[in-house]
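Asks: Position one of the sequence shown corresponds to residue 1 (full-length UniProt numbering), numbered consecutively onward.
Please read through the structure below; I'll follow up with questions.
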Amino acid sequence: EGHSRAVYCLAFHPDGSLAASAGLDAIGRVWDCRTGRSVHTLEGHIKQVLALDFSPNGYHLVSGSDDHTCKVWDLRSRKCLYTLPAHRSLISSCGYERCSGGAYLVTGGYDCLIKIWSSRDFSLLKTLAGHEGKVMAVDSSPAPGKHQLASVSYDRTIKLWSPDSNLSEDAPEEADVDMQL
């Protein structure tokens, strides 16, 4: 019922009733936290899955993989809703941007880029370039109205980004704060 290889990532559903796991077997699983049983299997990635996140409303789950794609899963229909050809290399981080209520998806990858996507039509809105090494993690501020992202990289920096309010332009943007680790 569980994974056949090492588990690499975990995420909780917003209401805490479910958890999702994924890993080196290229499969995601959704677990019922009350019973401990797997209630749904996410099959579709062709390489290891390294990142997961539930949408704030709990209806969707996003997964990022070494196959360079990000998949959006509809938990109600139990199907893959969309596949983003997100990066030119491994996706190390993916998640819903919290301050917007999940209006945006954010991905980070080994191609040194962070990308912001519309979670409505899955179009690419903005690419953030500035890291000189693999992006290992990206997170968004949960503060309402504060559109701020943080990223960490193999280049030993933490970068804070405040993408401008016009997210319809796919123009590179510089980090607001650059901290050397």
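Where a beta carbon is used, it is the ideal one built from N, C-alpha and C, also for glycine.
Note that the structure is predicted; figures quoted are calculated from it, not measured.
Given this structure, state the Cα-to-Cα distance separating Asp66 from Cys9, to the nearest angstrom.
Replies: The count along the sequence shown starts at 1 and reaches residue 66 at position 66. The count along the sequence shown starts at 1 and reaches residue 9 at position 9. Going from the Cα of Asp66 to the Cα of Cys9 covers about 13 Å.
Asks: Compare the C-alpha of Gly130 against each of Leu90, Ile158, Ser63 and Ala22 and name the closest.
Replies: Translated into the one-based positions of the sequence shown, residue 130 becomes position 130. Closest by alpha carbon: Ile158.
Asks: Between the segment 33-46 and the segment 93-105, are three or more C-beta pairs nearer than 8 Å?
Replies: The segment 33-46 vs the segment 93-105: no contact.
Asks: Does DSSP classify Gly16 as helix, strand or coil?
Replies: Counting from one through the sequence shown, the residue named residue 16 turns up at place 16. Three-state result, Gly16: coil.
Asks: Since Ile27 contacts Leu42 with CB under 8 Å, what's their CB separation in whole angstroms?
Replies: Indexing the sequence shown from 1 puts residue 27 at position 27. Indexing the sequence shown from 1 puts residue 42 at position 42. Confirmed, Cβ separation roughly 7 Å.
Asks: Contact defined as beta carbons within less than 8 Å: I believe Leu52 pairs with Ser63. What is the distance between those atoms, to the nearest angstrom?
Replies: Locating residue 52 in the sequence shown gives position 52, where the first residue counts as 1. Locating residue 63 in the sequence shown gives position 63, where the first residue counts as 1. Leu52 to Ser63, Cβ: 5 Å. Contact.
Asks: Less than 8 Å between the beta carbons of Gly108 and Ser92, yes or no?
Replies: Reading the sequence shown from its first residue, position 108 is the one you call residue 108. Reading the sequence shown from its first residue, position 92 is the one you call residue 92. Contact: yes.
Asks: Beta-carbon within less than 7 Å of Leu18's beta-carbon, same chain only, minus the 5 sequence neighbours each way: which residues are those?
Replies: Locating residue 18 in the sequence shown gives position 18, where the first residue counts as 1. Counting only Cβ-Cβ distances below 7 Å, and skipping sequence neighbours, we find Val30, Trp31, Asp32 and Cys33.
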